[in-house]
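In the numbering used here, the protein residues as written are 1 to 341. Structure, as structure tokens:
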Amino acid sequence: MRKAITMIVVLGLSVCLYANNKASDKSKDLSRPSVATHHPEFKSPNGRTEEWEIWMTDDYGDGWNGGYIDLYVNGTLVEGGITVDVDDNSYLFNVDDFDYISVDYTPGSWSYENEYSIYDAEGNMVVGIIGQDADGAAVEPWDVAHTVGLGAENMLSNGGFEGIWCCMNGWQNVGIDWTQWPADNGSHFVAPTGDGIYGSEDTFTPYAGDHSLKMWGQYNGAANAASYYQSFWAGDMDPGTGITASGVLWSHEADWIGQGTNTVTIFVSYFDYYWNFISRDDSPTFSGADAANTWHERSVTSTVPEGVSFVNIGFEYNQADNDQHGSAYMDNLLAVFGATD
Ligand SMILES: [Ca+2]
Ligand SMILES: [Ca+2]
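So, in structure tokens, the structure goes:
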């Protein structure tokens, strides 16, 4: 008797699957019960304590119809071709603080049935693709990126320089979401693991992840400063609010920043609505006074002044003239509201 019941259930499922695969039966009726019309803000971690989850669902229950996801962390493919066969699928992966997750979504047929979300180790959604707009109309998923922040909430995106694009000026790796000044500066490069050190047989090892920002002098015959930063709307920040920015810096002995007077600071600078400069605060300098081959921490605590509309936060490299040599590497810039110790 039990076997007979099982047979009936299996037959029922088969009919259901067959029906779902008939294209003519498909509609955009999103009122139909589904595994996940909206992904929840919280999804039980089911006992996992460190891994993150990418959860993928199909509203119609017939899989992603040729669609799939390629999952990258710090630019490295973690898993390619992840897809849904019936209702849903989960893929678990490991991350570290400041890692840069990017999802490359390739649609198949009926892409608007597909949704995916990323949940942290505690089960909290960090990125969610909701497959409907405000009116309930179906929306196809898109590519997403997310910077892992395991500590205080970072104002900066991609603070570890793990998301990059190439190429500026035909050769430079550039940090996604970062801005450079001067805009045509050819004296910066996001260095990957194994990048050659100028004047040495050694290769570079980042502070964290697989990339760090490298900067050096512009050699333009005059004193020069170059900044690498992110801008924020500050019109809704209360004057008197504290902003603390901190990061790490390093210089190799063979290309040492101590070959002259070059310096690097972490800065927080303020501008009015018309981008007129108001004020800035800088961390203590990183320079030849710091030991080579060692990562050094720097931080600046700043207070938002009156009349601010924009704030820039980043690194600035200063070179007094063409006789000052050496490079510096920078990583894990964290900017948070409030003073920290
Ligand atoms: Ca489908
Ligand atoms: Ca990094």
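Positions of the beta carbon are idealized from the N, C-alpha and C atoms, including for glycine.
Item, Value
"Reference residue 223, options 96, 337 and 318, closest by Cα", "318"
"Euclidean distance between Cα positions of residue 312 and residue 61", "47 Å"
"Within 8 Å, strictly: CB atoms of residue 84 and residue 125", "no"
"Terminal residues of the beta strand (DSSP E) in which residue 42 lies", "Premise fails: residue 42 is in no beta strand (DSSP E) and is neither H nor E."
"Helix, strand or coil at residue 35 according to DSSP, with G and I counted as helix", "Any reading at residue 35 must be qualified, since the residue scores a pLDDT of 43, below 50, and its modelled position is unreliable; no value is offered."
"Inter-stretch contact (C-beta, 8 Å, three-pair minimum) for the segment 234-242 and the segment 137-151", "no"
"At least 3 beta-carbon pairs within less than 8 Å: the segment 186-195 vs the segment 136-146", "no"
"Beta-carbon proximity check, residue 331 vs residue 213, cutoff 8 Å", "yes"
"Cβ neighbour criterion (16 or more within 10 Å) applied to residue 333", "buried"
"Option in 38, 51, 41 and 329 with minimal Cα separation from residue 205", "329"
"One or two residues paired with residue 166 in a DSSP bridge", "173"
"Coarse secondary structure for residue 138, derived from DSSP in three states", "strand"
"Continuous beta strand (DSSP E) stretch holding residue 54: start and end", "52-58"
"Pairwise C-alpha distance: residue 81 and residue 21", "With a pLDDT of only 41 at residue 21, under 50, the local geometry of the prediction cannot be trusted, and the value read off the model is given with reservation. Roughly 21 Å separates the two Cα atoms."
"Cβ-Cβ distance between residue 241 and residue 337 below 8 Å", "yes"
"Element boundaries [beta strand (DSSP E), containing residue 305]", "Where residue 305 is concerned, there is no enclosing beta strand (DSSP E), given that its DSSP letter is neither H nor E."
"Residues that residue 330 bridges to, as DSSP identifies them", "213 and 249"
"Pocket of ligand 1 defined by Cβ to heavy atom distance under 7 Å", "58, 60, 62, 63, 64, 65, 110, 113 and 114"
"Check whether residue 295 and residue 248 have beta carbons under 8 Å apart", "yes"
"Residue 331 CB to nearest heavy atom of ligand 2 below 7 Å", "yes"
"Buried versus exposed call for residue 203 [16 or more other C-beta atoms within 10 Å across all chains shown]", "exposed"
"Three CB pairs or more closer than 8 Å across the segment 88-106 and the segment 43-53", "yes"
"Residue 198, DSSP secondary structure in three states", "coil"
"Near ligand 2: residue 162 beta-carbon under 7 Å from a heavy atom", "yes"
"Buried or exposed (CB count within 10 angstroms, at least 16 for buried), residue 210", "buried"
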